[in-house]
Amino acid sequence: MQSSDALTLTVSRSAADVAAMLLPSLPVFRTEGLAAYPQAPEISDRTNRGDLTGVRTDSIIWVIERAGKYEIPGIRFQWWDPVRNELQQRIVPGLSFDVPAPASQGDNTGPAVRSGPPSDQGHWLFWVLLAGLLCVSAWVIFNRKTSATTPEDEKSTFSRVQKACSANDAVQAYAAIHAWLAYLPPVSGETRPASLGAFAQSINDEPLADELEALQKAVIEPGTAWRGTGLVKRLKDIRQQIAEQKTVQSGSRLAPLNP
């Protein structure tokens with residue numbers, strides 16, 4: 095390694111049911127003698143039958159400005175895995191390296207150096223190793239909780255849904271609905287819906303599916319006009335139906351106790 099050499103860090107992340115624009119940017123390490131140049135992220139979103147997958151690729155280029163000893167810290171990604179019901183993490187390892195000072199032209203006491211163009215083998219080998227170590231794919235799930243909660247938790251999360259929809263804020267509404275789904279009791283079967291598409295399918299509600307599709311489009315395509323009135327109205331109706339269904343089921347279970 096020598097002055098003016100460049101190092102590139104590339105990290106790719108994919109997230110199920112999370113828009114790529116919601117994935118956070120990488121922290122940028124800066125230090126004297128090592129210039130950092132964050133690149134514009136590559137963001138893409140794919141939808142398949144209402145299920146969204148976001149992919150974000152970030153790159154940072156460091157240029158060595160002078161000799162010295164440098165240490166680029168590692169990056170830790172953490173997320174909650176609702177399937178295993180545990181906290182997961184992926185670590186991008188850090189890197190330490192030394193950049194020697196250039197030899198003085200008048201200094202002939204050092205070891206002999208071969209004539210001819212300098213070899214780039216060490217630099218390119220380092221670049222390949224760095225790319226191999228630092229290219230990761232992390233499944234990120236934002237703020238999903240699967241543990242049992244109280245009705246107040248469901249109520250407070252739905253209040254955030256209402257607030258975001260009233261403000262016609264698609265990104266906030268998208269995040270709030272996911273938080274609300276984490277507290278929602280299973281609509282059918284034994285598991286909670288893990289995505290917006292799964293939620294719409296579980297209750298077989300085509301108008302809701304259309305509203306959620308419009309929401310996802312507004313999140314994926316910034317600048318798209320979106321109004322949350324129709325979505326929040328549909329969610330209120332569904333929420334009421336779920337509450338009534340839960341009451342009926344509770345009464346059915348209690349019936350044998352009161353013949």
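Count along the sequence shown from 1, then add 94; that gives the number in our numbering. Ideal Cβ positions, reconstructed from N, Cα and C, are used throughout, including at glycine. Here the structure is a predicted model, which is why all the values come from computation and not from measurement.
{"query": "Three-state class that DSSP yields for Trp320 in the structure shown", "result": "coil"}
{"query": "Chain-order list of residues whose beta-carbon lies under 7 angstroms from that of Glu305 (same chain, five-residue window excluded)", "result": "Gly324, Leu325, Arg328"}
{"query": "Under the three-state DSSP convention, the category Leu290 falls into", "result": "helix"}
{"query": "C-alpha gap between Pro196 and Asp175, whole angstroms", "result": "50 angstroms"}
{"query": "Nearest-angstrom Cα separation, counted from Ala114 out to Tyr268", "result": "12 angstroms"}
{"query": "Coarse secondary structure for Ser296, derived from DSSP in three states", "result": "helix"}
{"query": "Start and end residues, beta strand (DSSP E) containing Ala261", "result": "It is not in any beta strand (DSSP E) - Ala261 carries neither H nor E in the DSSP assignment."}
{"query": "Sheet register partners of Gly188 (DSSP bridge)", "result": "The partner list for Gly188 (beta bridge, DSSP) is empty, contrary to what the question assumes."}
{"query": "Alpha-carbon to alpha-carbon, Gln295 and Thr251", "result": "21 angstroms"}
{"query": "Pick from Tyr164, Leu128, Gln133, Thr141 that is closest to Val105, judged by C-alpha positions", "result": "Gln133"}
{"query": "Short Cβ contact (8 angstroms threshold) for Tyr131 with Ile169", "result": "no"}
{"query": "Beta-carbon separation (whole angstroms), Arg140 vs Thr147, contact threshold 8 angstroms", "result": "5 angstroms"}
{"query": "Nearest-angstrom beta carbon gap, Val149 and Ala100 [assumed within contact, 8 angstroms]", "result": "Between Val149 and Ala100 the Cβ distance is about 25 angstroms, and since that is not below 8 angstroms, they are no contact."}
{"query": "Ala254 in three-state terms, based on DSSP", "result": "Here the sequence assigns Arg to residue 254, which means Ala is not the residue at that position. Correct three-state label for Arg254: helix."}
{"query": "Member of Gly188, Gly127, Gln339 whose CA lies at the smallest distance from the CA of Lys163", "result": "Gly127"}
{"query": "Ser190 versus Ser153: straight-line alpha-carbon distance, rounded", "result": "19 angstroms"}
{"query": "Nearest neighbour of Ala161, chosen from Arg184, Ile332, Val193, Asn142 [CA to CA]", "result": "Val193"}
{"query": "Whole-angstrom distance between Ala312 and Asp111, CA atom to CA atom", "result": "14 angstroms"}
{"query": "Cβ-Cβ separation, Trp320 to Leu309 (assumed contact under 8 angstroms), whole Å", "result": "7 angstroms"}
{"query": "Reduced DSSP category for Ala110 - H, G, I as helix; E, B as strand; rest coil", "result": "strand"}
{"query": "Spatial distance of Val255 from Glu165 (CA atoms)", "result": "44 angstroms"}
{"query": "For Ala276 and Ala258, believed in contact at Cβ under 8 angstroms, the rounded distance", "result": "Contact flag wrong, Cβ pair sits at about 16 angstroms."}
{"query": "Other residues of its chain near Arg124: CB distance less than 8 angstroms, five sequence neighbours each side excluded", "result": "Ala130"}
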